[in-house]
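Peer 1:
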Amino acid sequence: MSGRFVCESTPLSGLKRLIRTVSRDERGAFERLFCQEELAACFGDKQVSQINLSSTVEVGAVRGLHFQYHPFAETKLITCTRGEIFDVAVDIRRSSNTFLCWFGIKLSEKENTSLLIPEGFAHGFQVLQPNSQVLYLHSAPYAADSQGVINALDPKINISWPLEIGVRSKRDTEQPPLDDSFKGL
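Throughout, our numbering is defined as the position within the sequence shown, counted from one, plus 1400.
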């Protein structure tokens, strides 16, 4: 069975909304989450280097905004496999005319949509339903020394989170606001 993908542009250059075709029959459903060949136009020649799964219990919890500096900058494919999230990508490409602009989209297990986030973006999400799960495909391995974090409540970015902010990690909460020294990637 072959899958089909539609890759739609967003207002931020390079950031893509990926819509998957779901095949259904009397047994249930089948959907392909990733196919290198079929997604070459969106994912390029990047290889999947790491796959992660996060589970978040509490509604309102926020993870992120995370990114990696070069040479470990990464493309991510984000899919909500259980529950619902508000997924956010922030353009941190210093040469971009949308530098520090953000895009948000609801992703859920009921929809066949993912977000393809290219290198040069920070990523985070807010949980909208309890016990939500997010599957991440990464084009680069995690490198702790190359990790960057932006506070999800940073006033320079001013994300309109859909719910009151709940639980966040200590690392995410303690990030100071961006100042003029932040040059992005």
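Yeah, the Cβ is synthetic: ideal placement off N, Cα and C, and Gly gets one too.
Please read all numbers here as calculations on a predicted model, not as lab measurements.
Looking only at its own chain, which residues have a Cβ that is under 6 Å from the Cβ of S1546, when we skip the five neighbours before and after it?
Peer 2: Excluding sequence neighbours, S1546 sits near Q1468, Y1469 and F1472.
Peer 1: Here's a check: name, in chain order, each residue in its chain whose Cβ is nearer than 8 Å to the Cβ of L1585, leaving out the five neighbours to either side.
Peer 2: The residues are F1467, Y1469, H1470, A1473, I1492, R1493, R1494, E1519 and G1520.
Peer 1: Measure the C-alpha to C-alpha separation of I1559 and E1426 and round it to an integer number of angstroms.
Peer 2: Using only the alpha carbons, I get a separation of about 42 Å.
Peer 1: Measuring alpha carbon to alpha carbon, tell me which residue in R1404, N1452 and K1416 is nearest G1504.
Peer 2: Nearest of R1404, N1452 and K1416 to G1504, Cα basis: K1416.
Peer 1: Please give the ranges of any beta strand (DSSP E) in the segment 1410 to 1435, keeping only runs that are unbroken, at least 3 residues long and fully inside the region.
Peer 2: Taking only runs of at least 3 residues, the beta strand (DSSP E) segments lying wholly in the segment 1410 to 1435 are 1416 to 1420, 1422 to 1425 and 1428 to 1431.
Peer 1: Determine the extent of the alpha helix (DSSP H) in which D1572 is found, giving its start and end residues.
Peer 2: Taken as a continuous stretch (DSSP letters only), the alpha helix (DSSP H) holding D1572 covers K1570 to T1573.
Peer 1: Going by CA-CA distance only, name the one from C1480, A1429, L1412 and E1458 that's closest to L1537.
Peer 2: Ranking C1480, A1429, L1412 and E1458 by Cα distance to L1537 puts C1480 first.
Peer 1: For G1414, I'd like the list of residues in its chain whose CB is within less than 7 Å of its CB, leaving aside the five on either flank, ordered along the chain.
Peer 2: P1518.
Peer 1: Closest by CA to S1423, which one among S1409, P1530, P1562 and F1405?
Peer 2: For S1423, the nearest C-alpha among the options comes from F1405.
Peer 1: What number of angstroms, rounded off, separates the C-alpha of V1534 from the C-alpha of S1454?
Peer 2: Computed Cα separation, rounded: 5 Å.
Peer 1: How would you call I1451, buried or exposed, if buried means at least 16 neighbouring beta carbons within 10 angstroms?
Peer 2: Flag for I1451 reads exposed.
Peer 1: Alpha carbon to alpha carbon, what distance is there between Q1447 and S1402?
Peer 2: Note that S1402 has pLDDT 43, beneath the 50 cutoff, so the model's placement of it is unreliable and the number below is only indicative. Going by the C-alpha atoms only, they are around 20 Å apart.
Peer 1: Helix, strand or coil: how does DSSP classify F1486 here?
Peer 2: Strand at F1486.
Peer 1: How many Å lie between P1562 and I1485 at the Cα?
Peer 2: Roughly 10 Å between the two C-alpha positions.
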